[in-house]
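Peer 1: Take a look at the following structure, please.
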Amino acid sequence: MGRAFALAGLLAMAAAQAYALDTTMVQLIERYSADLNSLRRTWPHDLLPATTARWRAYYTEQQGLVAKIDPSKLDRDGKLDHLLMANELEKNLRDLDLDRGRWDEALHHFPLLSDLTQLDEDQLRAKKVVASRAADLLATVPVACDKALAAMEKSKPTAGVASRVVRAVNRAESAMQHWYGFYTGYDPTFTWWCQEPYKAAKEALDKFKNNVREKILKLPADDRESLVGDPVGRDALMSDLAAERIPYTPEELVAIGERELAWCHAEMTKAAREMGCKDWKEAIEKVKQMHVDPGDQPAMIRELAQEAVEFLEARDLVTIPALAKEDWRMEMMSAEAQLKNPFFLGGESIIVSFPTDKMAHEAKLMSLRGNNRYFSRATVQHELIPGHHLQGFMQERYHPYRYPFGTPFWVEGWALYWELRLWDLGFASKPEEKMGMLFWRAHRCARIVFSLKYHLGQMTPEQCVDMLVDQVGHERRNAEAEVRRSFAGDYPPLYQLAYLIGGLQIRALHNELVPSKMTEKQFHDTVLQTGSIPIAYLRAYLHKEPMPKAVLSDWRFAG
């Protein structure tokens, strides 16, 4: 009995030691994720250099912790996590410097925004407010607004910089609002001193933003639909590509996009002939008329979702848990949201774009035409199964701690890869189905070209819209919404090209491994279960090769 207990104890110790070894990186990454959330709440004001300094100190500290871990003593997942964490920290430090430079450029045109933001920063640091001094600062805002506007009219900043100044004002106003709400009504002295200066400051800042729109950007003050972005430039693009271990330059990626778009046009021409049309543009117009009646879109989406699942299961292409087929649901996109998202969004909820009764007549027709049956057939499988819903379902159940390493090249690349794979497997049998799939493929090609050329300063937002209309076949209103979504600041610069480039990466990896080393189903399940990571790291992991940075960066997956 004693020997049995001793043996059990030794086995338990061994298991604990093995567990501790295997989870070294997992625990570090989980703490890192928790730290990120804490720091975002504690240091919310990225206009301020102190925030940049705090983040830099944190990332540098984490680099030291990672450097102390010997990757040779980790299992294969641990080695992968070690590389991913090191890459994450390097990228974040580069991004800090780029972002600091961009905010400093905006603050150069309106330095007082730093002082206004500092009011809330001091409150967060529990510094006692001196109400009379705060009132003095607020009282300077109207004059500062006039001076800043006059200086901008003289220096003529680019539209991108001017729009960034407006965003900086929005951030400063948000900080002021939080600061003012903390004290007013609770501190009678504060309210006595600051109530009127605060109102005047807010009115002056709102007037300043309208003046920038009218006098610098040459837009109506109440215009929220015109396309104004903020190109990041080549250096920022190269930095982001380096973090993804993509060895192509922006110019090479543009050439890839143009090559793939030419292929799409050739295939669209073939499908158009099958439809009896003179060219692909006529065929696109014909397909746009094939929409369901108002009210019938939800039933069509359920039908299309089931069709995709049946196609996948009949060929045993990927594991689809029963719950994943059960737990997705549908929401309708508001008319306002369709100004940025004219098509579907997906995940566990597929958010459906379709005309609302409050839309103008022309907008209703464009939404009907843009969300026709055959365009929707391609987007439903992209958003649900095998696309984003299945992806999210698996991410929550396999390696969920890898969330910080998430990349659109995996997230959007996976969904786009399935558009490529389903095409190769004959999912589109009728010419109308081919045209629907090719429309979206051409759209992804155009995204590579126009997003990179925009950020390189070679295309304006209006030219991007024209490209989507002329080279893809978009409705103009939908094209404007797509460009607005791309450049409004909600997505990182590489996001739009990540769809097709990520899809090409996964397709190239598939061709390397299937069927020589893995079955189709094994490949797809493993990609899902490894988690959202740069595809170059996924490739090294699946090949079971060493993962030095040089090897990771040398994979020219698109020729």
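Numbering-wise (this note's numbering), the sequence shown opens with residue 1 and increments by one. Glycine included, each C-beta is placed from N, C-alpha and C at the ideal position. This structure is a prediction, so every number in the text was calculated from the model and none was measured.
1) Can you give me the start and stop residues for the beta strand (DSSP E) that S349 sits inside?
2) For the segment 425-443 and the segment 270-284, state whether three or more C-beta atom pairs, one from each stretch, are separated by less than 8 Å.
3) What does the Cβ neighbour count give for A322, buried or exposed, with the cut at 16 atoms within 10 Å?
4) Run the CB neighbour count on K68, radius 10 Å, all protein chains shown included, and call it buried at 16 or more, exposed below.
5) What does a CB cutoff of less than 7 Å around R234 pick up in its chain, not counting 5 residues either side in sequence?
6) Could you say if the segment 305-324 and the segment 385-398 meet the contact criterion of at least three C-beta pairs nearer than 8 Å?
7) Measuring straight from C-alpha to C-alpha, what distance separates W555 and V483?
8) Thinking just about the alpha-carbon of each residue, which of K79, A131, A53, A135 is nearest to the one in D95?
9) Can you list the beta strand (DSSP E) stretches of 3 or more residues lying completely in the segment 420-456, in chain order?
10) Look at the alpha carbon of L384 and the alpha carbon of I350, and state the distance between them as a whole number of angstroms.
11) Rounded to whole angstroms, what is the Cα-Cα separation between K286 and A479?
12) Could you name the residues that DSSP lists as bridge partners for M333?
13) Going by DSSP in three states, F375 sits in which element: helix, strand or coil?
14) Please classify V169 as buried or exposed, where buried requires at least 16 other C-beta atoms within 10 Å of its C-beta.
15) Kindly indicate the opening and closing residues of the alpha helix (DSSP H) around C194.
16) For P188, count neighbouring C-beta atoms within 10 Å of its own C-beta (all shown protein chains included) and say buried if the count is 16 or more, exposed if not.
17) Do S553 and Q567 have their beta-carbon atoms positioned less than 9 Å apart in this structure?
18) Can you look up G9 in the DSSP assignment and give me helix, strand or coil?
19) Looking at M152: is its Cβ nearer than 9 Å to the Cβ of A162?
20) Taking 9 Å as the threshold (C-beta atoms), are I535 and W423 in contact?
21) CA-CA distance, R164 and E303?
22) How about R76 and Y401: do their beta carbons lie closer than 9 Å?
23) With distances taken from CA atoms, which of R447, A428, T526, G426 is nearest W414?
24) So, using beta-carbon positions, are L48 and T117 closer together than 9 Å?
25) Relative to the alpha-carbon of D146, which residue among R100, N210, V130, S114 has its alpha-carbon at the smallest distance?
26) Starting from P257, trace the alpha helix (DSSP H) in both directions and tell me its first and last residue.
27) Which residue comes first and which comes last in the alpha helix (DSSP H) that contains G559?
28) Using a 10 Å radius around the Cβ and a threshold of 16 neighbouring Cβ atoms, would you call S532 buried or exposed?
29) May I have a chain-ordered list of the alpha helix (DSSP H) segments no shorter than 4 residues that lie completely inside the segment 483-559?
30) Rounded to whole angstroms, what's the CA-CA distance from A16 to L74? Just pull it up for me.
31) Using only CA atoms, which one of L39, D70, F405, D46 lies nearest to Y58?
32) Determine the direct distance from the alpha carbon of H474 to that of E545, and round the result to whole angstroms.
33) Taking 9 Å as the threshold (C-beta atoms), are R447 and G257 in contact?
34) Suppose you measure from the CA of S226 to the CA of L513; what does that come to, to the nearest Å?
35) Cα-Cα, which of P231, K364, A508, H388 is closest to Y491?
36) What would DSSP say about Y398, mapped onto helix, strand or coil?
Peer 2: According to the structure shown:
1) Taking the first residue of the sequence shown as position 1, residue 349 is located at position 349. Start and end: 349-352.
2) yes
3) Residue mapping note: residue 322 aligns to position 322 of the sequence shown, counting from 1. Exposed.
4) Looking up residue 68 in the sequence shown gives position 68. Per the 10 Å Cβ criterion, exposed.
5) As a position in the sequence shown, residue 234 is number 234, starting the count at 1. Hits under 7 Å: P250, L456.
6) yes
7) Mapped onto the sequence shown, residue 555 falls at position 555. Mapped onto the sequence shown, residue 483 falls at position 483. Going by C-alpha positions, W555 is about 30 Å away from V483.
8) Within the sequence shown, residue 95 is the residue found at index 95, counting from 1. Cα-wise, what sits closest to D95 is A53.
9) none
10) As a position in the sequence shown, residue 384 is number 384, starting the count at 1. As a position in the sequence shown, residue 350 is number 350, starting the count at 1. C-alpha separation (whole angstroms): 7 Å.
11) Counting from one through the sequence shown, the residue named residue 286 turns up at place 286. Counting from one through the sequence shown, the residue named residue 479 turns up at place 479. When rounded, the separation of the alpha-carbon atoms in K286 and A479 is 18 Å.
12) Reading the sequence shown from its first residue, position 333 is the one you call residue 333. Answer is none; M333 lacks a bridge partner.
13) For this step, residue 375 is matched to residue 375 along the sequence shown. Note: F375 maps to helix in three-state DSSP.
14) By 1-based counting over the sequence shown, the position of residue 169 is 169. V169 comes out buried.
15) If you number the sequence shown from 1, residue 194 lands on position 194. From DSSP, the alpha helix (DSSP H) with C194 extends over 188-211.
16) The residue given as residue 188 occupies position 188 in the sequence shown. By the 10 Å Cβ count, P188 comes out exposed.
17) What is shown of the chain runs 1 to 559, which leaves residue 567 out entirely.
18) The sequence position of residue 9 within the sequence shown is 9, counting from 1. Caution applies to G9, whose pLDDT of 44 falls short of 50 and renders its modelled position unreliable; the model cannot decide the point.
19) In the sequence shown, the residue the question calls residue 152 occupies position 152. In the sequence shown, the residue the question calls residue 162 occupies position 162. Yes, the Cβ-Cβ distance between M152 and A162 is below 9 Å.
20) Position 423 of the sequence shown holds residue 423. Position 535 of the sequence shown holds residue 535. Taking 9 Å as the Cβ cut-off, W423 and I535 do not qualify as a contacting pair.
21) Walking along the sequence shown from the start, residue 164 turns up at place 164. Walking along the sequence shown from the start, residue 303 turns up at place 303. Straight-line Cα distance between these residues: approximately 44 Å.
22) For the purposes of this step, residue 76 is taken as residue 76 along the sequence shown, with counting starting at 1. For the purposes of this step, residue 401 is taken as residue 401 along the sequence shown, with counting starting at 1. Contact flag unset, no.
23) Translated into the one-based positions of the sequence shown, residue 414 becomes position 414. With distances taken between Cα atoms, W414 lies closest to T526.
24) Position 48 of the sequence shown, counted from the first residue, corresponds to residue 48. Position 117 of the sequence shown, counted from the first residue, corresponds to residue 117. Yes, these two residues count as a Cβ contact at 9 Å.
25) Along the sequence shown, one-based indexing puts residue 146 at 146. Minimum Cα distance to D146 is reached at N210.
26) Taking the first residue of the sequence shown as position 1, residue 257 is located at position 257. Checking the sequence shown, residue 257 turns out to be Gly, not Pro. Its alpha helix (DSSP H) spans residues 250-274.
27) Start at 1 with the first residue of the sequence shown, and residue 559 comes out as number 559. Counting along the chain, G559 falls outside any alpha helix (DSSP H), and DSSP gives it neither H nor E.
28) On the sequence shown, residue 532 is found 532 positions in, with the first residue counted as 1. When all chains shown are included, S532 counts as buried.
29) Whole alpha helix (DSSP H) segments, 4+ residues: 495-513, 520-530, 535-543, 549-552.
30) Locating residue 16 in the sequence shown gives position 16, counting from the first residue. Locating residue 74 in the sequence shown gives position 74, counting from the first residue. The pLDDT assigned to A16 is 37, lower than 50, so where the model puts this residue is not dependable; a value taken from the coordinates is nonetheless given after this. Cα to Cα, the separation comes out at about 15 Å.
31) Indexing the sequence shown from 1 puts residue 58 at position 58. For Y58, the nearest C-alpha among the options comes from L39.
32) Within the sequence shown, residue 545 is the residue found at index 545, counting from 1. Within the sequence shown, residue 474 is the residue found at index 474, counting from 1. So the alpha carbons of these two residues sit roughly 44 Å apart.
33) On the sequence shown, residue 257 is found 257 positions in, with the first residue counted as 1. On the sequence shown, residue 447 is found 447 positions in, with the first residue counted as 1. The answer is yes: Cβ separation under 9 Å.
34) Taking the sequence shown and counting its residues from 1, one reaches residue 226 at position 226. Taking the sequence shown and counting its residues from 1, one reaches residue 513 at position 513. Spanning the two alpha carbons is a distance of roughly 46 Å.
35) Here residue 491 is taken as the residue at index 491 of the sequence shown, counted from 1. Ranking the options by Cα distance to Y491, first place goes to P231.
36) Numbered from its first residue, the sequence shown carries residue 398 at position 398. Y398 falls in the coil class under three-state DSSP.
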